[in-house]
Structure formats: structure tokens, C-alpha cells
Amino acid sequence: MQNTKRSGRSMSSKKITRLAPLERNVGIALTASIVLTMQTIYVKMAGAPIGILFNACMLGLGCFLVYLKRKTHIPKSLVQKISIFGLLFTSIPVLQILFLRKAINFSALLLIVILFVGFFSVCCICVYHLGIKRILDNVADVMFVITCIGLVLYSTGQVLHIVKPLGRIVYSWGGAHVASSWFFLLFNPQGSPYHAFRNGRYTSIFTEAPMCSFMLCATLIIMLFISERKVSYLKIAVISVAIYCTVSTTGYIIVLLAAGAYVLTSKSMNAVFRWLFIVVCVPILGYFVIDMYQTKQTADVGSIADRNANFSTGMSDFLNSPLFGQGFKSDAIGVAGFNTSVFSNVLQQGGILFFFWYFMPILLAVFIMLGKRQTKYLIATVLYLALIYVSAVTYTGFSILLVSIFLVYAETNTKGGTDAQRVHGSGTRQHRGAGLQRL
Numbered sequence: 001m002q003n004t005k006r007s008g009r010s011m012s013s014k015k016i017t018r019l020a021p022l023e024r025n026v027g028i029a030l031t032a033s034i035v036l037t038m039q040t041i042y043v044k045m046a047g048a049p050i051g052i053l054f055n056a057c058m059l060g061l062g063c064f065l066v067y068l069k070r071k072t073h074i075p076k077s078l079v080q081k082i083s084i085f086g087l088l089f090t091s092i093p094v095l096q097i098l099f100l101r102k103a104i105n106f107s108a109l110l111l112i113v114i115l116f117v118g119f120f121s122v123c124c125i126c127v128y129h130l131g132i133k134r135i136l137d138n139v140a141d142v143m144f145v146i147t148c149i150g151l152v153l154y155s156t157g158q159v160l161h162i163v164k165p166l167g168r169i170v171y172s173w174g175g176a177h178v179a180s181s182w183f184f185l186l187f188n189p190q191g192s193p194y195h196a197f198r199n200g201r202y203t204s205i206f207t208e209a210p211m212c213s214f215m216l217c218a219t220l221i222i223m224l225f226i227s228e229r230k231v232s233y234l235k236i237a238v239i240s241v242a243i244y245c246t247v248s249t250t251g252y253i254i255v256l257l258a259a260g261a262y263v264l265t266s267k268s269m270n271a272v273f274r275w276l277f278i279v280v281c282v283p284i285l286g287y288f289v290i291d292m293y294q295t296k297q298t299a300d301v302g303s304i305a306d307r308n309a310n311f312s313t314g315m316s317d318f319l320n321s322p323l324f325g326q327g328f329k330s331d332a333i334g335v336a337g338f339n340t341s342v343f344s345n346v347l348q349q350g351g352i353l354f355f356f357w358y359f360m361p362i363l364l365a366v367f368i369m370l371g372k373r374q375t376k377y378l379i380a381t382v383l384y385l386a387l388i389y390v391s392a393v394t395y396t397g398f399s400i401l402l403v404s405i406f407l408v409y410a411e412t413n414t415k416g417g418t419d420a421q422r423v424h425g426s427g428t429r430q431h432r433g434a435g436l437q438r439l
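Note that full-length UniProt numbering numbers the sequence shown so that position 69 is 69, with each residue one more than the last.
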């Protein structure tokens with residue numbers, strides 16, 4: 001009997017060993033699918049429902065990962081929070097259908113409910129099992145690979161014209177557009193001259209340079225303030241060069257703020273270098289960003305004026321229906337104005353209820369970070385809020401993933417346990433060893 005028990009334990013441990021790489025690879029595939037659905041050319045290609053297929057793949061990978069971890073304990077309190085948030089979000093379209101006298105975008109409503117209830121629930125479970133930092137590291141790794149490939153093709157193809165495009169892609173982004181394609185790994189939807197960039201801005205696989213800059217800035221924030229890996233200055237340089245090539249004012253500001261915050265908070269930086277950065281680099285970079293901002297406003301180039309106008313329109317629409325908004329994707333059918341900020345977009349289309357759903361986890365996380373004096377996490381959160389203030393990424397898998405991360409962070413940091421448990425969201429005591437091995 002003792003031999004049988006020992007062999008049973010041995011087989012069990014082997015099974016866990018076999019599953020661990022599968023879970024890790026599925027987690028990487030899940031984060032890759034989330035990045036690929038982030039307003040990329042792939043999901044906006046005209047003539048085929050590729051966007052729906054990508055979102056279905058994203059949801060399917062998440063469900064498969066939950067299935068792999070089905071025997072792992074999930075705290076009852078987290079399940080309750082997921083249920084409450086699911087019911088809260090479901091109530092919003094119900095109220096809109098019952099009380100809004102304007103047209104409802106039913107074609108988009110079902111997909112949005114599936115994403116914000118189904119995929120959000122799946123994300124919370126996946127984040128709890130795999131750990132916050134592991135998932136965000138996966139996002140950074142995927143973006144770094146995409147950036148390296150994109151910069152090589154951008155320099156040799158779009159700039160130097162050594163590598164010729166293989167063809168042209170028709171995609172839908174505020175109307176039908178055409179973009180040249182290099183091996184389906186680089187597109188130039190904004191290939192016309194822009195300031196000093198005569199061959200067009202760097203957009204990688206995304207529909208526009210600002211969206212590319214958004215994901216690059218998110219990657220930079222993860223590398224500097226979230227990841228426990230040693231900071232690779234080579235990777236930071238590559239990401240920064242890519243942001244520079246997007247010619248995004250927001251990107252430049254985020255790089256400046258992130259670099260300054262990192263220098264001032266990093267223990268590896270000596271005092272002389274910190275003061276040198278403050279006295280010399282900050283004024284120079286600040287002048288450069290302000291000059292570019294003023295140039296864009298004077299020349300009426302860029303999206304600054306449009307964003308200001310869209311924000312005002314969104315807030316005006318919100319005041320007309322403050323509780324549950326004008327309806328999800330109501331701008332697509334002409335009921336509400338176009339929006340370029342998550343803040344005003346959430347209020348405009350979902351009202352106070354959607355605003356509570358979206359920002360309450362972030363607010364709870366901020367209070368916890370302040371109480372625990374987690375400076376780097378707080379800096380990362382503030383920079384992320386600055387990004388979504390000038391970006392309309394409300395209905396994306398990445399946006400939903402971040403909300404779930406903040407909720408899991410708040411859940412795991414309001415209980416006792418080791419720092420590794422709270423940060424990474426590992427399970428109960430019987431799974432603590434496995435949880436730490438996953439870090």
C-alpha cells in the first residue's frame with residue numbers, strides 16, 4: 001500500500017509538471033490574442049468577420065486556461081465580486097433597452113455584454129491563477145517581439161525602400177482605408193509625410209500611430225514599474241525609439257514622465273545622476289514636447305483639437321442621460337458623438353453605472369497602493385490613467401484585462417499573506433508552493 005501511495009504521489013507530481021508548460025503557453029497565447037485584438041489591422045480588415053474570430057479565440061483561450069486550473073481553489077470573496085460586477089454590467093443594457101427612446105446598437109450590444117461579463121470573469125480567474133506580473137510580463141514580451149520585427153521592416157521597407165510591400169490591405173477605421181503590407185507584420189495606414197517623417201509614422205500592426213504608441217507606452221510602464229525582472233535598458237531603448245517614430249505627443253509625454261519617475265525612484269540611480277537628470281534632461285525634453293504641442297495646435301495638425309471637442313461632446317451626451325448613458329457603441333449609429341477618451345466614453349455610453357464598473361477597481365487599488373506606499377505601482381497606475389484619458393480603448397480585451405487586474409489586486413491585497421501572494425494573486429495555503437513556483 002505504501003508503494004502504491006508513493007507511486008500515486010509520483011504520478012500526480014508528474015502530471016502537474018506536464019501541465020505547467022501547457023498553462024504557461026496558453027497564458028502567453030491568451031495575452032498575445034489580447035494584444036492582437038487591440039485595434040490592429042487584423043481585426044479591422046474589411047470583407048470578413050475577422051474581428052469576431054479574434055475575440056472568440058481570445059475568449060476560448062481564457063476559458064481553456066480556466067479549465068486547466070479547474071481544481072485550483074478560488075476565494076469565495078473573489079467569486080462574489082465577479083458576480084456583482086457581472087450583474088452590474090448586465091443591468092446597464094437592460095435599463096438602456098427599457099428606458100432609452102433612442103435607437104440601440106443591438107449588433108454591438110451582444111458582443112459587448114459577452115466581453116464585459118464573460119471575458120471579464122475569465123480574466124479575473126486567469127489573473128488570480130497566473131499572477132498579475134506574469135500576465136503583464138507576457139504582454140510586454142509580445143509587444144517587444146512585435147516592435148523588433150516592426151522596426152526592422154519600418155527602417156528597411158517604409159523608410160529606406162529596400163524591402164518592397166507585398167500588397168495592400170483594405171481595412172475599416174472610421175471608413176474604408178487602404179494600407180500597404182510588409183509580410184502582414186507591418187502596415188502603413190498613416191504613410192503620408194508627417195512633420196520630419198517624410199515616409200510616414202511608425203504604426204506597426206495597428207490602425208494608427210496613437211494606438212501603437214498607447215501599447216508601446218503600456219509596455220514601457222510594465223518594464224519600468226511592474227515587472228520584477230532586471231530592467232533591460234536595451235529593451236527600453238528599442239521601445240522608446242518606436243514611440244519616437246510614432247510621432248505621438250502623448251507618447252513623448254509618457255516617456256518623459258516615466259523616465260523621470262524611474263530615475264527619481266530607482267534605488268540603483270545615484271544622487272548625482274538624479275540631479276543631473278532633473279537640471280539638464282527634464283527642461284530639454286519638456287521644451288521639446290511643449291514646442292511640438294504648440295506646433296500641432298498652430299498648424300491644426302494632429303488630434304489635440306479633435307480630442308478636446310470630442311471630450312466636450314461626450315460629457316454633454318452624458319448629462320442628457322447620466323445614469324446609464326446613451327447606449328453602448330451609440331456613436332457608431334449616430335445617436336452620440338464620437339469620443340477619444342475612455343473617461344468621457346464610459347460616461348457617455350454607460351453613464352454612472354458603467355463608470356462605477358470601470359473605475360471602482362482602479363480607485364480601490366489606488367487607495368491600497370497609497371496605504372502600503374507602493375510607489376512604483378502607484379506611478380504605473382497614474383501613467384495608465386493618463387493614457388486612457390486621451391485614448392478610446394474602452395471596448396478592447398486589453399482594457400478589460402486591466403480592470404480585472406485591478407480588481408484581483410484589490411482582492412488579494414485586502415487579506416493576509418506574503419507579499420508574493422498579494423502581488424501575484426496565488427491561491428490558498430495548499431497551493432501556495434505552486435503559486436510561488438509560477439512567479
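C-beta atoms are modelled at their ideal positions from N, C-alpha and C, and glycine is treated no differently.
Option nearest residue i by Cα separation, candidates the options
i, options, result
"Leu65", "Phe367, Pro21 and Lys230", "Pro21"
"Phe356", "Val403, Val272 and Lys376", "Val403"
"Ser240", "Thr414, Met315, Lys76 and Phe214", "Phe214"
"Met143", "Ile169, Leu185 and Phe119", "Leu185"
"Ala46", "Leu95, Val145, Thr207 and Val152", "Thr207"
"Lys372", "Thr340, Ala392 and Tyr409", "Tyr409"
"Phe343", "Ala237, Asn308 and Ala261", "Asn308"
"Gly86", "Thr246, Gly334 and Val117", "Val117"
"Arg168", "Ile162, Gly175 and Ala179", "Ala179"
"Gln374", "Thr265, Phe324, Gln348 and Thr90", "Thr265"
"Leu224", "Ala259, Tyr194 and Cys212", "Ala259"
"Leu401", "Gln80, Cys126 and Gly314", "Cys126"
"Val152", "Ala218, Leu407, Cys245 and Leu220", "Cys245"
"Ile290", "Thr250, Tyr171, Pro322 and Ser321", "Thr250"
"Asn310", "Ser341, Tyr154, Ile333 and Gly334", "Ser341"
"Gly131", "Ala176, Gly174, Val163 and Thr31", "Thr31"
"Trp182", "Ile41, Ile368 and Leu387", "Ile41"
Spatial distance of residue i from residue j (CA atoms)
i, j, result
"Arg24", "Ser83", "27 Å"
"Ser312", "Leu319", "11 Å"
"Thr156", "Ile352", "49 Å"
"Cys281", "Arg274", "10 Å"
"Leu257", "Ala29", "31 Å"
"Val263", "Phe277", "8 Å"
"Lys235", "Ile149", "13 Å"
"Val43", "Tyr389", "23 Å"
"Gly286", "Val247", "15 Å"
"Thr197", "Tyr252", "A small fix is needed here, since residue 197 is Phe in this sequence, not Thr. Rounded to whole angstroms, Phe197 to Tyr252 spans 15 Å at the Cα level."
"Asp141", "Ala103", "42 Å"
"Asn339", "Val94", "23 Å"
"Leu109", "Thr90", "11 Å"
"Ser399", "Asn413", "21 Å"
"Val26", "Gly62", "8 Å"
"Phe187", "Ile205", "6 Å"
"Ala261", "Leu98", "48 Å"
"Leu88", "Val122", "16 Å"
"Thr219", "Lys329", "28 Å"
"Tyr154", "Lys164", "11 Å"
"Gly334", "Gly174", "13 Å"
"Val79", "Pro193", "51 Å"
"Gln39", "Val272", "42 Å"
Any C-beta of chain D under 9 Å from that of residue i
i, result
"Lys230", "The structure shown contains no chain D, having only a single protein chain."
Local Cβ density within 10 Å of residue i, reported as buried at 16 or more and exposed below that
i, result
"Pro283", "exposed"
"Met269", "exposed"
"Glu411", "buried"
"Arg134", "buried"
"His73", "exposed"
"Val255", "buried"
"His129", "buried"
"Lys69", "buried"
"Ser391", "buried"
"Leu53", "exposed"
"Tyr67", "exposed"
"Leu160", "exposed"
"Val139", "buried"
"Phe106", "exposed"
Residues near residue i in its chain [Cβ-Cβ closer than 7 Å; skip 5 each side]
i, result
"Val346", "Phe354, Phe355, Tyr358 and Thr394"
"Gln190", "Gly200, Arg201, Thr203, Glu208 and Ala209"
"Asp317", "Gln326, Ala336, Gly337 and Gln348"
Proximal residues to residue i (C-beta, below 6 Å), its chain only, five neighbours per side dropped
i, result
"Leu216", "Ile239, Ala242 and Ile243"
"Leu364", "Ala410"
"Val397", "The question names Val, yet the displayed sequence has Gly at residue 397. The residues are Ile34, Thr37 and Met58."
Residue i Cβ short of 8 Å to the ligand COA heavy atom set
i, result
"Asp306", "Among the components of this structure there are no ligands whatsoever, and the ligand COA is therefore not found."
Sequence-distant residues of the same chain with beta carbon closer than 8 Å to residue i, five excluded per side
i, result
"Met315", "Ser344, Leu347 and Gln348"
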